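Reading through the structure tokens given below for one structure.
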Amino acid sequence: MDSGELVSALRTLPALQVRADGPELQVAVPAIADTVRLHPDSVLRARQIFSPRGDPALELVVRQDEELRPLIVLNDDVVFAPVDPAAQLDSVIPVRIANAPPLVAYTEMERDAVGAARAMDGPMVDVDAVSATLVLHRCFIVGAMRFGLRPVRAAAWWQHLAAKLGDDFCLGRFRPDREWDGLVAEAGGVRLLQPAPPPARDLRAEIDAMTIADLTALEPVMTVARADEEFIASWRRWVPIPPRRFRELMSAGLPDARFEVSLYPDGGCAVDLRLAPAGTLHALLGLRFSFPERRASLDEIRLTDQARGTGLFQRLMFNAEELSRELGMTSLSLLATGLGSYALARYGGYPRDPELRRSGTLSGEAPDPPGSAATRRTPPAQRSPESP
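Just so you know, we're using the UniProt record's numbering here: the sequence shown kicks off at 1 and counts up by one.
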């Protein structure tokens, strides 16, 4: 891409600080205190997209070492592909991490590094899983380094975990890498402070103590079809989260959302959401749950022309999936509705660029290598909204 064209595209994200340094563009992301470094002639395309939670983002297609790689930049985060474990491990037996994500956000990388270090503090440690986690986190960090990022905090936590694991690491040796050694040396000066865990809340006790007054206090954002003792009894029987949390999940990022909840003694539940800021209709959503079958169905999302292309669709989909997950649903069915609606598909599908999607070179998409005799799994990390 032309340098000026790339700068213009990056400046659609106002929180970024873009400056030229010779032939290189440095893109500072203050929210993560790090900087992406790009050579414009290596960037083939830039496309404005939205993250799953509806935030504006810019997807870049970058050519490196004859491969096309995705880089997604947000106002407060950067998303990239981790490197292949085979590039990090000097092992005769190919090792694949079965649930390695194809893309990871910088903020996820740091958060998960802290979580992995905490896992070593428990009374029982799955050394095999922690070893795989150590490899995966190194793949994350090196993936970030390919774009000039210097994730010293994540590297410091990686070093902390590696030291705790010590000789119990069971996946062989890491390949020599001077750039990695330099980052780890830099990370040695980072003071590690574990964030305090959030205070535990007894959700069951909160549900058992709920009253009709608690339900009416959630209005006007959330109303219930019949705020009576029968509704409360059904909630206590079927719903694993208190109404307060239900409202938080359904209305997250949607300050003008208003929705009604119907809940039946047989475990059926309906959510009908309306979004009409200043009285102007933008969106309608219909969501249904079957608690006995642990199944959710998204009947429709209708957006007006005014609301299309704003990221609202992605945010509604994100909230529907997050709520379904916390309610314990095992599936979410999506239906195509009538004229004027979207034919729904799961909000995934990143990167968006067709050439990147066809390449199949992202981590987690390639088939098992021939003769692979070892598959390592790490505990699945909870996905954060920062990740597309």
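Glycine included, every Cβ here is placed at the ideal spot set by N, Cα and C. Source: prediction; values computed, not measured.
{"query": "Any idea if E110 is buried or exposed, counting beta-carbon neighbours within 10 angstroms, 16 or more meaning buried?", "result": "buried"}
{"query": "Measure the C-alpha to C-alpha separation of S3 and L273 and round it to an integer number of angstroms.", "result": "44 Å"}
{"query": "With DSSP as the reference, please indicate the residues paired to E300 in a beta bridge.", "result": "G286"}
{"query": "To the nearest angstrom, how far is the alpha carbon of V27 from that of Q64?", "result": "18 Å"}
{"query": "Compute the Euclidean distance between the alpha carbons of E5 and E108, then round it to the nearest angstrom.", "result": "30 Å"}
{"query": "If you draw a straight line from the C-alpha of P255 to the C-alpha of A276, how long is it?", "result": "10 Å"}
{"query": "Helix, strand or coil for P243, going by three-state DSSP, please let me know.", "result": "helix"}
{"query": "By the 10 Å Cβ neighbour count, where 16 or more other Cβ atoms means buried, how is I301 classified, buried or exposed?", "result": "buried"}
{"query": "State the CB to CB distance for the pair R45 and R352, rounded to an integer number of angstroms; the pair is presumed to be in contact (CB under 8 Å).", "result": "In fact, because the Cβ distance is near 10 Å, the residues do not count as touching under 8 Å."}
{"query": "CB-CB under 7 Å to L192, same chain, minus the five flanking residues each way: which ones, in chain order?", "result": "A156, W157, H160"}
{"query": "Could you tell me which uninterrupted alpha helix (DSSP H) segments, each at least 4 residues in length, are contained entirely in the segment 95-174, listed from first to last along the chain?", "result": "106-119, 127-145, 152-165"}
{"query": "Could you check if D112 is buried or exposed, using at least 16 other CB atoms within 10 Å of its CB as the buried criterion?", "result": "buried"}
{"query": "Going by the beta-carbon positions, is the gap between L171 and V130 smaller than 8 Å?", "result": "no"}
{"query": "What does the alpha-carbon distance come out to for the pair W238 and P52?", "result": "28 Å"}
{"query": "Per DSSP, T35 forms a beta bridge with which residues?", "result": "A28"}
{"query": "First and last residue of the alpha helix (DSSP H) that includes Q314?", "result": "312-326"}
{"query": "Does the pairing of the segment 316-325 with the segment 15-35 give three or more beta-carbon distances under 8 Å?", "result": "no"}
{"query": "Identify, in the order they occur along the chain, each residue of the same chain with its Cβ nearer than 7 Å to the Cβ of T223, setting aside the five sequence neighbours on each side.", "result": "E260"}
{"query": "Any contact between the segment 209-220 and the segment 171-191? By contact I mean 3 or more CB pairs, one from each, below 8 Å.", "result": "no"}
{"query": "Output yes or no for whether 8 Å exceeds the beta carbon distance between L89 and V95.", "result": "yes"}
{"query": "Mind checking Q314: buried by the 16 CB within 10 Å criterion, or exposed?", "result": "buried"}
{"query": "Within 10 angstroms of the Cβ of R138, are there 16 or more other Cβ atoms? Answer buried if so, exposed if not.", "result": "buried"}
{"query": "Can you tell me whether L284 sits near the ligand MN, meaning its C-beta is under 7 Å from at least one heavy atom of the ligand?", "result": "Annotation note on the ligand MN: not contained in the displayed structure, which lists no ligands."}
{"query": "With DSSP as the reference, please indicate the residues paired to S331 in a beta bridge.", "result": "R295"}
{"query": "Give every residue of the same chain whose Cβ lies closer than 8 Å to the Cβ of L13, excluding the five residues on either side of it in the sequence, and list them in chain order.", "result": "P56, A57, L58, V73, L74, N75"}
{"query": "Tell me P70's beta-bridge partners as DSSP assigns them.", "result": "V61"}
{"query": "Can you check whether the CB of R247 is closer than 8 Å to the CB of F147?", "result": "no"}
{"query": "Alpha carbon to alpha carbon, how far is I141 from E355? Give it in angstroms, no decimals.", "result": "25 Å"}
{"query": "Decide if T35 is buried, meaning its Cβ has at least 16 other Cβ atoms within 10 Å, or exposed.", "result": "buried"}
{"query": "In chain order, what residues of the same chain have a beta carbon less than 6 Å from the beta carbon of S333, not counting five sequence neighbours either side?", "result": "S297"}
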